Ligand SMILES: Cc1ncc(C[n+]2csc(CCOP(=O)(O)OP(=O)(O)O)c2C)c(N)n1
Ligand SMILES: [Mg+2]
């Protein structure tokens with residue numbers, strides 16, 4: 275094992291994929307620029323040449339269709355967009371072509387493309403640079419939707435996504451890029467799509483979480499342990515298809531569930547998980563399932579509004595304490611000078 | 321110089337106002353109180369400054385992520401813009417939008433948004449409303465070179481051409497989309513205005529660093545739209561001095577040459593205009609502008625912060 279940042283892990287996955295398979299190509303606005311999409315695409319052009327690694331016109335929709343065409347022609351395109359929001363222009367090619375190509379042609383031809391999208395948060399990203407629309411993608415049959423939390427999963431899941439014969443939406447939370455974690459030495463280390471992971475075992479309540487919210491969950495669980503509540507944290511890793519079995523097993527044990535989501539609550543991954551678990555475990559649950567997600571409002575730009583809008587470990591502690599009719603003082607817990615940055619490394623503006 | 325000195329003075333002062341507002345934002349950005357992305361127009365002031373000579377508050381304009389200059393050239397309130405960037409209740413978008421989402425409908429600035437190409441059809445639609453309501457005004461769409469690569473660009477221009485809409489498309493070609501040079505995005509030797517022309521829209525090209533050229537061609541373009549009630553597309557070459565997003569210079573990071581920046585700086589339209597005017601009374605005017613800018617920052621800093629309880633209020637418009 276060695277320690278890598280989340281972005282370095284992604285960079286390694288891309289490097290490995292391109293090295294072991296000549297059919298992998300990488301493009302997107304900025305992939306060859308000096309900052310290399312938050313360091314994730316650095317050095318790829320030098321290593322693999324301009325034919326396989328290239329910048330592109332500001333044409334998200336066409337370039338997604340181009341990926342579809344290139345993939346049915348035998349390539350494995352990996353696209354990147356600096357924000358998920360910019361990719362909304364490409365929903366037509368994604369939904370009407372990529373997602374159903376295999377289905378509507380009776381399994382004759384599939385579309386092995388990977389689309390990396392970055393979810394923004396903080397520093398006034400606001401209504402058009404911070405949307406967390408994983409539920410949109412998850413709603414479409416034929417798409418796989420992956421949301422890694424740790425550097426290890428970022429690498430293993432990206433490799434798995436690139437070599438999956440289907441379109442995969444790979445969602446990176448901007449606040450994870452500089453997080454550090456252990457990554458196996460194995461060059462071609464893979465993590466299965468469609469499997470979640472128990473980040474921490476516990477007995478009293480199941481926390482199902484995804485992406486950046488899993489980091490907040492880890493902090494919250496420590497505080498809750500101090501207060502006698504033992505949490506089991508399940509990191510979803512893939513939000514479609516969901517690994518229901520692992521969730522069910524955990525809930526059967528803890529009999530309580532709270533789901534954390536990086537998106538707004540209505541019609542979200544969290545609300546679907548709560549719905550399914552409630553139906554299945556109606557008689558087993560000891561308290562009402564809970565959700566911590568964003569309000570059903572666009573992300574406000576102002577620093578003076580975003581603090582209340584976003585949720586963190588404190589909110590999780592308070593909500594879970596509530597489920598146990600407890601009161602836990604969080605006034606001194608995880609206080610930071612500015613709520614709108616993940617750490618000192620983030621100096622804005624992007 | 322074919323431009324009357326009085327007119328040139330006005331152009332200069334508008335460009336000066338834009339630059340000083342932008343520089344003040346850049347200087348104060350490190351205080352970390354303007355906590356949102358800012359795309360500055362320093363280096364690109366001439367086009368909007370000249371533009372402001374030919375339109376009134378009655379005309380419409382829409383813009384992009386890089387909108388400060390357009391907003392100001394249309395007469396948008398400095399106070400409300402700065403307050404918006406500070407995330408205050410008194411901001412033009414109540415702090416909800418920030419630098420990338422400006423609006424001042426009182427002066428016809430109908431909105432700027434941050435998704436590339438997003439306002440090209442919106443400005444075209446404003447043109448449709450002008451036409452159907454038979455109003456005496458024009459709609460201007462400010463756009464960058466990058467946005468002409470989006471599908472909505474073609475779709476909007478095509479519609480404007482089919483319907484003869486009174487829309488002026490002002491394409492500020494600064495050669496970059498973030499760090500990506502035009503060369504990797506569009507074919508060599510194919511000018512953007514030629515593309516627009518081939519869609520069926522009368523088009524022209526001007527040097528956005530040459531006041532005379534800029535003035536003549538913009539006047540011609542705007543008059544064409546006003547008189548013929550048909551669309552016009554003008555491409556103007558320009559240059560941003562600072563990084564794509566943020567207050568700093570970034571010529572050292574490797575996506576462009578310092579030399580390219582210096583070449584433009586040597587031809588800086590503000591310097592050239594000021595030298596040509598060599599008018600001592602300018603100092604007084606400049607001072608007045610600087611005071612206004614200072615006031616705007618004071619206003620923004622002292623303004624109330626928005627109340628979180630209110631944000632749901634703006635999801636839907638209340639029924640009357
Ligand atoms: C649809 C979409 N794609 C990508 C982006 C990221 N982005 C923000 S500004 C920008 C540059 C666009 O270039 P141009 O239109 O030339 O405007 P300039 O920044 O040069 O003023 C890009 C690509 C975006 N905001 N929206
Ligand atoms: Mg540009």
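Protein chains in written order, with the working numbering: chain A, 275 to 624; chain B, 321 to 640.
Think of the CB as a built atom: it goes at the ideal place given N, C-alpha and C, for glycine as much as any other residue.
Fair warning: this is a prediction, and the values are worked out from it, not measured in the lab.
Residue 525 of chain B versus residue 423 of chain A - alpha carbon distance: Across the structure, residue 525 of chain B and residue 423 of chain A are spaced so that their CA atoms are roughly 49 Å apart.
Ligand 2 heavy atom lying under 8 Å from the CB of residue 497 of chain B: Result yes, Cβ under 8 Å from ligand 2.
9 Å Cβ cut-off: residues of chain B touching residue 466 of chain A: Correct list: empty, because the minimum Cβ distance to chain B is about 35 Å.
Interface residues of the segment 339 to 361 of chain A facing chain B [CB-CB below 7 Å]: Of all residues in the segment 339 to 361 of chain A, only 359 and 360 place a beta-carbon less than 7 Å from a beta-carbon of chain B.
Members of the segment 390 to 420 of chain A near chain B, C-beta cut-off 9 Å: The residues in question are 396, 397, 398, 399, 400, 401, 402 and 403.
Where residue 609 of chain A falls, given that 16 or more other Cβ within 10 Å makes a residue buried: Exposed: under 16 other Cβ atoms inside 10 Å.
CB contact flag (residue 331 of chain A, residue 575 of chain B, <9 Å): No, Cβ-Cβ distance for residue 331 of chain A and residue 575 of chain B is not below 9 Å.
9 Å Cβ cutoff, residue 291 of chain A in contact with chain B: With 9 Å as the cut-off, residue 291 of chain A does not count as an interface residue toward chain B.
Assigned exposure category for residue 586 of chain A - 16 Cβ within 10 Å defines buried: Buried, by the Cβ-count rule.
Which listed residue (B:469, B:397, B:478 and B:451) has its alpha carbon closest to that of residue 495 of chain B: The shortest C-alpha separation from residue 495 of chain B is found at B:469.
is_contact[residue 412 of chain B, chain A] using C-beta, thresh 9 Å: No - not a single Cβ of chain A is within 9 Å of the one on residue 412 of chain B.
According to DSSP, residues forming a beta bridge with residue 493 of chain B: In the DSSP output, where bridge partners are listed per residue, residue 493 of chain B has B:557.
Under 8 Å by beta carbon: chain B residues contacting residue 584 of chain A: The contacting residues do not exist; residue 584 of chain A stays about 11 Å from chain B at best.
Chain-ordered chain A contacts of residue 573 of chain B [CB-CB under 8 Å]: Under the 8 Å cutoff, chain A gives 308 and 309.
Start-end ranges of the beta strand (DSSP E) lying completely within the segment 335 to 409 of chain B, minimum 3 residues: Runs of the beta strand (DSSP E) inside the segment 335 to 409 of chain B: 380 to 383.
For residue 460 of chain B: DSSP bridge partner residues: Paired residues: B:381 and B:488.
beta-carbon residue 573 of chain A near ligand 1 non-hydrogen atom, thresh 8 Å: Checking the Cβ of residue 573 of chain A against ligand 1 gives no.
Beta-carbon spacing of residue 435 of chain B, residue 362 of chain A below 9 Å: Yes, these two residues count as a Cβ contact at 9 Å.
Coarse secondary structure for residue 414 of chain A, derived from DSSP in three states: If DSSP states are grouped into helix, strand and coil, residue 414 of chain A belongs with coil.
Interface residues of the segment 494 to 522 of chain A facing chain B [CB-CB below 8 Å]: Within the segment 494 to 522 of chain A, no residue qualifies.
Cut-off 6 Å between Cβ atoms - residues of its own chain near residue 299 of chain A, not counting five sequence neighbours on either side: Excluding positions up to five away in sequence, the list reads 326, 349 and 351.
Test item: CB-CB of residue 335 of chain B and residue 360 of chain B under 9 Å: Contact: no.
Length of the line joining the Cα atoms of residue 538 of chain B and residue 532 of chain B: For residue 538 of chain B and residue 532 of chain B, the distance between alpha carbons rounds to 10 Å.
Residues, ordered as in the chain, of the segment 566 to 599 of chain A that lie near chain B by beta-carbon distance below 7 Å: Closer than 7 Å at the C-beta level to chain B, one finds these residues of the segment 566 to 599 of chain A: 571, 574, 575, 576, 577, 578, 579 and 582.
Proximity to residue 348 of chain B [Cα-Cα], best of B:634, B:621 and B:632: Nearest of B:634, B:621 and B:632 to residue 348 of chain B, Cα basis: B:621.
With 16 other Cβ atoms within 10 Å as the buried cut-off, status of residue 489 of chain B: Around the CB of residue 489 of chain B, 16 or more other CB atoms lie within 10 Å, so the residue is classed as buried.
Per-residue DSSP class, three states only, for residue 411 of chain B: In the structure shown, residue 411 of chain B sits in coil (DSSP, three-state: anything other than H, G, I, E or B).
Cα-Cα separation between residue 475 of chain A and residue 563 of chain A, rounded to whole angstroms: Distance from the CA of residue 475 of chain A to the CA of residue 563 of chain A, rounded to the nearest whole angstrom, comes to 19 Å.
Range of the contiguous beta strand (DSSP E) that encloses residue 350 of chain A: Judged by DSSP secondary structure, residue 350 of chain A falls within the beta strand (DSSP E) whose first and last residues are 350 to 355.
Pairwise C-alpha distance: residue 491 of chain B and residue 480 of chain B: So the alpha carbons of these two residues sit roughly 16 Å apart.
Min CB distance residue 336 of chain A to chain B below 9 Å: Chain B, which has a Cβ nearer than 9 Å to the Cβ of residue 336 of chain A, makes this yes.
Contact set for residue 463 of chain A: own chain, Cβ-Cβ below 6 Å, skip 5 residues either direction: Around residue 463 of chain A: 430.
Unbroken alpha helix (DSSP H) run spanning residue 442 of chain B, endpoints: First-last of the alpha helix (DSSP H) with residue 442 of chain B: 440 to 452.
Identity of the residue in A:329, A:513 and A:295 nearest residue 311 of chain A by Cα: Distance check between residue 311 of chain A and each of A:329, A:513 and A:295 places A:329 closest, using alpha-carbon atoms only.
Residue 502 of chain A (DSSP reduced to helix, strand or coil): Residue 502 of chain A: coil per DSSP, three-state reduction.
DSSP beta-bridge partners of residue 391 of chain A: Residue 391 of chain A is bridged to A:355 and A:445.
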